[in-house]
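J.: Sending over a structure as structure tokens; questions will come in a sec.
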Amino acid sequence: MVGTLAIIVSSALVYSAPLIFTALGGTFSERSGIVNVGLEGIMTIGAFSATVFNLFTVNIFGALTPWIAMLFGGVIGILFSLIHAVATVNLRADHIVSGTVINLMAPGLTVFLTKMIFDGHGQTDLIKARFGKTSFPILKDIPVLGEIFFKDTSAPAYVAVLVAILAYYVIFKTKFGLRLRSVGEHPQAADTLGINVYGMKYAGVMISGFLGGMGGAVAVQSISGQFSISTIAGQGFISMAAMIFGKWNPLTVMAAAIFFGLSQSLAVIGSQIDFLKNLPSVYLQAAPYVLTVLVLVLFIGKSQGPKANGQTYIKSK
Amino acid sequence: MGESQYVIEMENITKAFGNFKANDNINLRVKKGEIHALLGENGAGKSTLMNILSGLLEPTSGTIRINGKEEKISSPTVANRLGIGMVHQHFMLIDNFTIAENIILGSEPTNGVAIDNKQAYQDILAVSEKYGFKVEPGELVGNISVGMQQRVEILKTLYRGADLLIFDEPTAVLTPQEIDELIVIMKELVAEGKSIIIITHKLDEIKAVADRCTIIRRGKSIDTVNVADVSQQELADLMVGRSVSFKTPKGPSHPTKPVLKIKDLVVKENRGLNAVNGLNLEVRAGEVVGIAGIDGNGQSELLQAITGMRKVESGTVEINGKDMTGQRPRTITENSVGHVPEDRHRFGLVLPMTLAENIALQTYYKEPLSKHGILDYKMINSHARELIEEFDVRTTNELVPASALSGGNQQKAIIAREIDRDPDLLIVAQPTRGLDVGAIEYIHKRLIEQRDSGKGVLCVSFELDEILNVSDRIAVMFEGQVVGIVDPKETNEQELGLLMAGVPLERARAEVAQVKEGAVSHE
Amino acid sequence: MNKKNELVRSIAVPVISVLAGLLLGAIIMLVFQYNPVEGYGAMIEGAFGRAYNVGEVVRLATPLILTGLGFSVAYTAGFFNIGLAGQALCGWIASIWLAMTFPDLPKALLVPLCIIAGTLAGALWAGIAGFFRAQFGTSEVIVTIMLNYTILYISNHIVRYVLTDNADATPKISPNASLRSDFLTQLSGGSRLNGGIFLALLMIVLVWVLMKRTTAGFELRSVGLNPLASEYAGMNAKKNIILAMVISGALAGMGGVVEGLGTFENLYVLSAAPEIGFDGLAVSLLGGGNPIGILLSSLLFGVLKIGGLKMPSVGVPKEIVEIVIASIIFFVGINYAIRYIMDKFAAKKMTGKGEA
Chain A
1 MVGTLAIIVS SALVYSAPLI FTALGGTFSE RSGIVNVGLE GIMTIGAFSA
51 TVFNLFTVNI FGALTPWIAM LFGGVIGILF SLIHAVATVN LRADHIVSGT
101 VINLMAPGLT VFLTKMIFDG HGQTDLIKAR FGKTSFPILK DIPVLGEIFF
151 KDTSAPAYVA VLVAILAYYV IFKTKFGLRL RSVGEHPQAA DTLGINVYGM
201 KYAGVMISGF LGGMGGAVAV QSISGQFSIS TIAGQGFISM AAMIFGKWNP
251 LTVMAAAIFF GLSQSLAVIG SQIDFLKNLP SVYLQAAPYV LTVLVLVLFI
301 GKSQGPKANG QTYIKSK
Chain B
1 MGESQYVIEM ENITKAFGNF KANDNINLRV KKGEIHALLG ENGAGKSTLM
51 NILSGLLEPT SGTIRINGKE EKISSPTVAN RLGIGMVHQH FMLIDNFTIA
101 ENIILGSEPT NGVAIDNKQA YQDILAVSEK YGFKVEPGEL VGNISVGMQQ
151 RVEILKTLYR GADLLIFDEP TAVLTPQEID ELIVIMKELV AEGKSIIIIT
201 HKLDEIKAVA DRCTIIRRGK SIDTVNVADV SQQELADLMV GRSVSFKTPK
251 GPSHPTKPVL KIKDLVVKEN RGLNAVNGLN LEVRAGEVVG IAGIDGNGQS
301 ELLQAITGMR KVESGTVEIN GKDMTGQRPR TITENSVGHV PEDRHRFGLV
351 LPMTLAENIA LQTYYKEPLS KHGILDYKMI NSHARELIEE FDVRTTNELV
401 PASALSGGNQ QKAIIAREID RDPDLLIVAQ PTRGLDVGAI EYIHKRLIEQ
451 RDSGKGVLCV SFELDEILNV SDRIAVMFEG QVVGIVDPKE TNEQELGLLM
501 AGVPLERARA EVAQVKEGAV SHE
Chain C
1 MNKKNELVRS IAVPVISVLA GLLLGAIIML VFQYNPVEGY GAMIEGAFGR
51 AYNVGEVVRL ATPLILTGLG FSVAYTAGFF NIGLAGQALC GWIASIWLAM
101 TFPDLPKALL VPLCIIAGTL AGALWAGIAG FFRAQFGTSE VIVTIMLNYT
151 ILYISNHIVR YVLTDNADAT PKISPNASLR SDFLTQLSGG SRLNGGIFLA
201 LLMIVLVWVL MKRTTAGFEL RSVGLNPLAS EYAGMNAKKN IILAMVISGA
251 LAGMGGVVEG LGTFENLYVL SAAPEIGFDG LAVSLLGGGN PIGILLSSLL
301 FGVLKIGGLK MPSVGVPKEI VEIVIASIIF FVGINYAIRY IMDKFAAKKM
351 TGKGEA
């Protein structure tokens, strides 16, 4: 029983980690008033660049490679997210249209580059250094809990949890957070108080690029092990749903992401679990998506995000 | 080396938006320690000028001196540093933030990285106590009254050390009593050494509070006068540029059968509280009933319930002898009701659609504008042309988007659309908000015309002048109920003000009488 | 004068966007040391070289016209239907299922039945999102995205375990259910061009009439532009929300039917929801929601995508086409900037003339 639970928890954490990072990214963006449906594309870019980085530097960084590659994926994510920032903040593009462009662009661009780098193949080579399974010293020896939570588990997931706590602190306790939120709620009021509205929106989108890129990097380095067009298939959108379900609060967003990670992982490991074994796989595969819809309908309804979310702020001069 | 006696000198300020000059060589000088009024009609360029002074807009040309020194106010931060603070007409407040968060935003005290809430609360309480008004820093702004929100706006400027405060139409949303309190606060501020600019188009307020007044018309500064030396009529003539009549001529009313009967009506507002709370009211054919009241006492919800746009919790609405409680808007409209909604941009018009389509908005589905579900654009457009002609809507043609029209002409188009259906009951809300004097005169004339042709008119307005001018009976609304019905010939603004603040009729009459005895000099 | 200007501008924006997208593609090719003239040359040959290629271009454009129209109807009414792909897949499944259940019905009966079934299935799937939006205010963007994935897995399950015994694709449908015709096939040198194009052209006309000339279209436009004013004017906002999504889904469903009965003549296990969904969205944005614009941009997508298949013959990966398409939509999205620049140019020209 403890063994089954340990499998469920650790695989749920593996699948949750990318969602937590990305959903937190979306939270920063939307807190600044920029809707970001491009998270999927940002994850794709992050996953691709981390894979390439991992493959080419594993000889230099060794076991640390996945972590550095994760940061690298985040940095490339920032660069990519700038397209969204420029389009929505300066050029007054519709946020959803611009996000859709990100989602259309990312797969084409990454597969194009994959073919350039890997002799015309549609997917990259397999990476050698993955996140793998981590056991936390001391903690792993706690009876029962140690085996479930701290043995052979996903280290990025725990980093993601820390990032969520940090994000909560930043958004609700710091000067930066107050200003970020003010811009998403009432940009004109913020403007009259001398807050750099465009700057804050850029910050929000770029943080979403960083965290989304890291989310993609974590996904590829702990789940598929190589990049192809199907590495990121919907995680970005699910992260968006987690952000809404978590009502734009980093801690509840994290909880929602873990919930979706769990339901995603069940579709994968269902066959290893006794009471799920005989269920047709379609139920477990469709479950996260159907659950999302039900959760939105039953618990959120008209979701109340930041007041000026999705609106272009035009500074008059 | 004599210090300048002026805190602000704006010279030859011009601001052009494309070909349109919102400000055209305007001059404004404000003395230290005075309350200086800026008077002008809507669209005269007052707000543009003040946005320049507070750093939100850059002037196309002209110079600004602060305390005698030439300055370039390139951003709100610079304005702040120069001691200029603005209390906006539409409060620049974030509902989901606390009072403290709203005040400190942009100049937050921190201890290391986190915001220091304790310090913030202390500072805010210190400032608010100095000027004698109380606030609760931890309260959410969305939960406090409009008057309190205005104080938060004032505190925002004081917290930043403003020496010159600009009040943009500060009384638009206040009760007469709250206005008195505000005047006290303003005088206190001046006594403490601050200077004040007040933007307004209300003449009695200027007489009550201001020392000097600069009049602006069509983007140009016309004159600066000592308020004590001029009468209200002179100010009005300067503002409009011709002599103005305040009263719409009208004969006595001849009411007949009731067209609207409301019994024990209860309606909820968006948050689920009762906004209309057991209200009773009757409107008869051939009379204008005005509803006076402060914003937020259930007027909007009342009209929405009558016209089917909001659920009725209990009670009945009878129109033309038929029970219309809880019917759909279209059913009610077809029972001979015309409705000029309170917010023409949100409710009255579909701005991007053509003027003709907007004029057809209530009748597009009926012959002759459409047949069997197919629209007849020839008819729609020619019908629009007729109404444009009849109601003097100024536009290039009927095919421009409604957004291309000025506010006054948009309102005329809506009134044309609603009157054209020849409704027995005409409901109008804030019919002249934001319009210039000419348009106001025209619209009031049309309303009286409707009355004289035997229609019932229900008019809701926050402008007491308007209510007193057009109504045959005035119903005062307070907290979702009609608390008194008075004859406009027998009442006055003071009495209405007290009623609007919830004081019972008898006591209001007594109080007004007392004040009159005590201060005859006021007359 | 003003109106003419606006017309010129609304045509200029997509044209400039397309040119800018192609230019960006050329720059990328240059960066990776390909010859863009060769690359685009191959594309043109791939799109127009033979009757077969032209046939394929039109074949590919056909479902895009339908999903593009579908997107535009919802968008006009104020909804962002990102679920076209799922709705199309629904139509695809329904039409194939019906075709496999009654393979021996006469063609004149079976084809219309399959089209109707697919259309209804798409309408129903979109109706779910419309209903939730109308009833609970749930964002249609999220709901339709989730429904895309849901139907994807359901579809794969149906292929494997309902329509076949653990196979990855259903057998070909009977000719009685096919949209292909000998005439079109021969005309286009054996391409998969099919009768769906006539359906698509018919829908262009019908959607135009619906949106511009009927009271129902008037209400949809009005609700999309200002729901509060529409309700004030007695329109039923909830009804119109659902109606807009249902019509949108019906058109997407038809697009799926064309894929099922025309292009592939079967249903198979998919790894992602059909491309015609997102492409339809893109086509509609590029076409400015205008039926003729949608027709033209669908054909352009056909040229890019079919022509793109030939690009690897000169070494260029075909994904360059996707980058070009994404950039085109990017430029359409920032049309404010394009209009701004055009105005600046126009103003300069005017003053230039004045001086002369």
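Chains as they are written, first to last, in full-length UniProt numbering: chain A, 1 to 317; chain B, 1 to 523; chain C, 1 to 356. Even glycine gets a Cβ: it sits at the ideal position worked out from N, Cα and C.
Kindly indicate the opening and closing residues of the alpha helix (DSSP H) around methionine 50 of chain B.
T.: Run containing methionine 50 of chain B: 46–53, per the alpha helix (DSSP H) assignment.
J.: Any heavy atom of the ligand SAM closer than 7 Å to the CB of lysine 305 of chain C?
T.: Within the structure as shown, the ligand SAM is missing, as the structure has no ligands at all.
J.: Out of curiosity, what's the CA-to-CA distance linking lysine 353 of chain C and phenylalanine 391 of chain B?
T.: A caution first: lysine 353 of chain C carries a pLDDT of 49, below 50, which makes its placement in the model unreliable, though a value can still be read off. Straight-line Cα distance between these residues: approximately 41 Å.
J.: Using 10 angstroms around the beta-carbon of glutamate 70 of chain B, count the other beta-carbons present and answer buried if the total reaches 16, otherwise exposed.
T.: exposed
J.: In or out: arginine 394 of chain B buried (at least 16 other Cβ within 10 Å) or exposed?
T.: exposed
J.: Please report the Cβ distance between leucine 34 of chain A and histidine 95 of chain A, rounded to the nearest whole angstrom; I am assuming they are in contact, meaning their Cβ atoms lie under 8 Å.
T.: According to the sequence shown, residue 34 of chain A is isoleucine rather than leucine. That pair is a contact at about 6 Å.
J.: Does the Cβ of glutamate 234 of chain B have 16 or more other Cβ atoms within 10 Å, making it buried, or fewer, making it exposed?
T.: exposed
J.: Looking at chain B, is there any beta carbon in it that lies within less than 8 Å of the beta carbon of methionine 214 of chain C?
T.: Note on residue identity: the sequence assigns threonine, not methionine, to residue 214 of chain C. Answer yes: the Cβ-Cβ gap between threonine 214 of chain C and chain B drops below 8 Å somewhere.
J.: Examine chain B for any beta-carbon lying closer than 8 Å to the beta-carbon of phenylalanine 345 of chain C, and answer yes or no.
T.: No, phenylalanine 345 of chain C lies away from the interface with chain B (no Cβ there is under 8 Å from its Cβ).
J.: Nearest to proline 106 of chain C by CA position, among C:Ile44, C:Gly68, C:Ser178, C:Gly83, is which residue?
T.: C:Ser178
J.: For aspartate 264 of chain B, collect the residues of the same chain with a Cβ closer than 6 Å to its Cβ; drop the 5 residues on either side in sequence, then sort them by chain order.
T.: Gly278, Gly315
J.: Curious, which full-length alpha helix (DSSP H) runs of at least 4 residues does the stretch 16–88 of chain C contain?
T.: 36–48, 51–76
J.: In whole angstroms, what is the alpha-carbon distance linking phenylalanine 301 of chain C and valine 400 of chain B?
T.: Answer to the nearest angstrom: the Cα atoms are 34 Å apart.
J.: The alpha helix (DSSP H) with lysine 21 of chain B in it runs from where to where?
T.: Careful: lysine 21 of chain B lies outside any alpha helix (DSSP H), inside the beta strand (DSSP E) at 20–31.
J.: Please identify the residue among B:Val312, B:Gln450, B:Val276 whose C-alpha is closest to the C-alpha of glycine 480 of chain B.
T.: B:Val276
J.: Within 8 Å (strictly less), CB to CB, does glycine 251 of chain B reach chain A?
T.: no
J.: Using the DSSP secondary-structure output, state which residues sit across from residue 608 of chain B in a beta bridge.
T.: As displayed, chain B neither begins before 1 nor continues past 523, which places residue 608 of chain B out of reach and without an answer.
J.: If I follow the unbroken alpha helix (DSSP H) through glutamate 494 of chain B, where does it start and stop?
T.: Reading off the sequence, residue 494 of chain B comes out as glutamine, not glutamate. Run containing glutamine 494 of chain B: 493–500, per the alpha helix (DSSP H) assignment.
J.: Any contact of the stretch 237–251 of chain C with the stretch 118–128 of chain C, i.e. 3+ C-beta pairs under 8 Å?
T.: yes
J.: Using DSSP with H/G/I as helix, E/B as strand and the rest coil, what is valine 520 of chain B?
T.: Note that valine 520 of chain B scores 46 on pLDDT, short of 50, meaning its location in the model is unreliable; the coordinates nonetheless yield the value given after this. Correct three-state label for valine 520 of chain B: helix.
J.: Which residues in the same chain as glutamine 362 of chain B place their Cβ atom closer than 8 Å to its Cβ, once the five residues preceding and following it in sequence are excluded?
T.: Thr333, Arg417, Glu418, Arg421
J.: For a contact meaning CB atoms closer than 8 Å, what does residue 534 of chain B contact in chain C?
T.: Coverage of chain B is limited to positions 1 through 523, which leaves residue 534 of chain B absent and any answer about it impossible.
J.: Taking aspartate 94 of chain A as the query, report the chain C residues whose CB atoms sit under 8 Å from its CB, ordered along the chain.
T.: Those are Gly333, listed as they occur along chain C.
J.: Just to confirm, is the Cβ distance from threonine 27 of chain A to proline 250 of chain A under 8 Å?
T.: yes
J.: Residues of the stretch 242–273 of chain C with a CB closer than 7 Å to any CB of chain A: list them in chain order, please.
T.: Listed in sequence order: Ser271, Ala272.
J.: Compare the beta carbon distance of valine 240 of chain B and glutamate 153 of chain B with 8 Å and say whether it is the shorter of the two.
T.: no
J.: Is the CB of threonine 76 of chain C under 8 Å away from at least one CB in chain A?
T.: no
J.: Can the beta-carbon of isoleucine 325 of chain C be found closer than 8 Å to that of leucine 299 of chain C?
T.: no
J.: Skipping 5 residues on each side, what residues in its chain have a beta carbon closer than 6 Å to that of alanine 439 of chain B?
T.: Gly408
J.: Please return the same chain residues whose Cβ sits closer than 7 Å to the Cβ of alanine 356 of chain C, not counting the five positions on each side in sequence.
T.: Any reading at alanine 356 of chain C must be qualified, since the residue scores a pLDDT of 35, below 50, and its modelled position is unreliable; the value itself is stated next. There are no such residues.
J.: Could you work out which residues of chain A lie near tyrosine 40 of chain C, taking near to mean beta carbons separated by less than 8 Å?
T.: Ordered by position in chain A, no residue passes the 8 Å Cβ test against tyrosine 40 of chain C, which lies about 16 Å from the chain.
J.: By alpha-carbon positions, which one of B:Gln149, B:Leu125, B:Val173 ends up nearest to methionine 500 of chain B?
T.: B:Val173
J.: Is any beta-carbon of chain C found at less than 8 Å from that of residue 538 of chain B?
T.: Not covered by the structure: residue 538 of chain B. The range shown for chain B is 1 to 523.
J.: Can you give me the C-alpha to C-alpha distance between leucine 464 of chain B and glycine 43 of chain B, rounded to a whole angstrom?
T.: The alpha-carbon separation between leucine 464 of chain B and glycine 43 of chain B amounts to approximately 21 Å.
J.: Do we get a CB-CB distance below 8 Å when we pair alanine 202 of chain C with the residues of chain A?
T.: The sequence as given places leucine at residue 202 of chain C; alanine does not occur at that position. For leucine 202 of chain C, the answer is no, since every Cβ of chain A falls outside 8 Å of its Cβ.
J.: Cα-Cα, which of B:Gln177, B:Leu39, B:Lys32 is closest to leucine 503 of chain B?
T.: One detail in the question is off: residue 503 of chain B reads as valine in this sequence, not leucine. It is B:Gln177 whose Cα lies nearest to the Cα of valine 503 of chain B.
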